[in-house]
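K.L.:
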Amino acid sequence: MINGVLFRARTGVPWPDLPERYGPWQTVYERHRRWSADGTWQAILQELQIEADAGDPDGALARQVDRQEWAVNIDSTSCRAHQHAAGAPRMPPADHPQKGAGRVRRQMGARRWGAHGAG
1 MINGVLFRAR TGVPWPDLPE RYGPWQTVYE RHRRWSADGT WQAILQELQI
51 EADAGDPDGA LARQVDRQEW AVNIDSTSCR AHQHAAGAPR MPPADHPQKG
101 AGRVRRQMGA RRWGAHGAG
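Going letter by letter, the sequence shown gives residues 1 to 119 in full-length UniProt numbering.
#1: Using a Cβ-Cβ cutoff of less than 6 Å, which residues in the same chain neighbour R67 once the five nearest sequence positions on both sides are dropped?
#2: Three Cβ pairs or more, each shorter than 8 Å: is that satisfied between the region 1-12 and the region 28-36?
#3: To the nearest whole angstrom, what separates the beta carbons of V13 and H32, a pair I think is in contact under 8 Å?
#4: What is the DSSP secondary structure of F7, counted as helix, strand or coil?
#5: Put P24 into one of helix, strand or coil per three-state DSSP.
#6: Do P24 and F7 come within 9 Å of each other at the CB atom, strictly closer than that value?
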């Protein structure tokens, strides 16, 4: 059952497409939903983290640690931004001068150089 939940988390397949080797998808889904709601997954994660941090084979240090705080870091290379997140117009500060303020722009092209091929 746990392997079925891990497989779905890793691959992102819909629950009904879960391979049969993990059991009926409804059973795996219901147990995952219940364990998420009652905090079982969080308790398992905390115990595994305490054991991993303790680094002692007999678990003596792990028994001394009641609870450990964990920070979650997300690498931005694994996060998708909204499709409109890039290239949005930015409002400059009010005291910032406008780029090119007071400058006259002239159009270059056929008027300045004349028509090509004339003559």
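All C-beta atoms, glycine included, are put in the ideal place defined by N, C-alpha and C.
Every value quoted in this text rests on a predicted model; they were computed, and no experiment measured them.
P.N.:
In this structure, then:
#1: At R67, the pLDDT of 48 sits below 50, so the modelled position is not reliable; the number obtained from the coordinates is stated separately. Within the same chain, R67 has no close Cβ partners at all.
#2: At 8 Å Cβ cutoff, the stretches touch.
#3: Contact between V13 and H32 does not hold, since their C-beta atoms are separated by about 13 Å, which reaches or exceeds 8 Å.
#4: F7: helix per DSSP, three-state reduction.
#5: Of the three classes helix, strand and coil, the one that applies to P24 here is coil, per DSSP.
#6: Contact flag unset, no.
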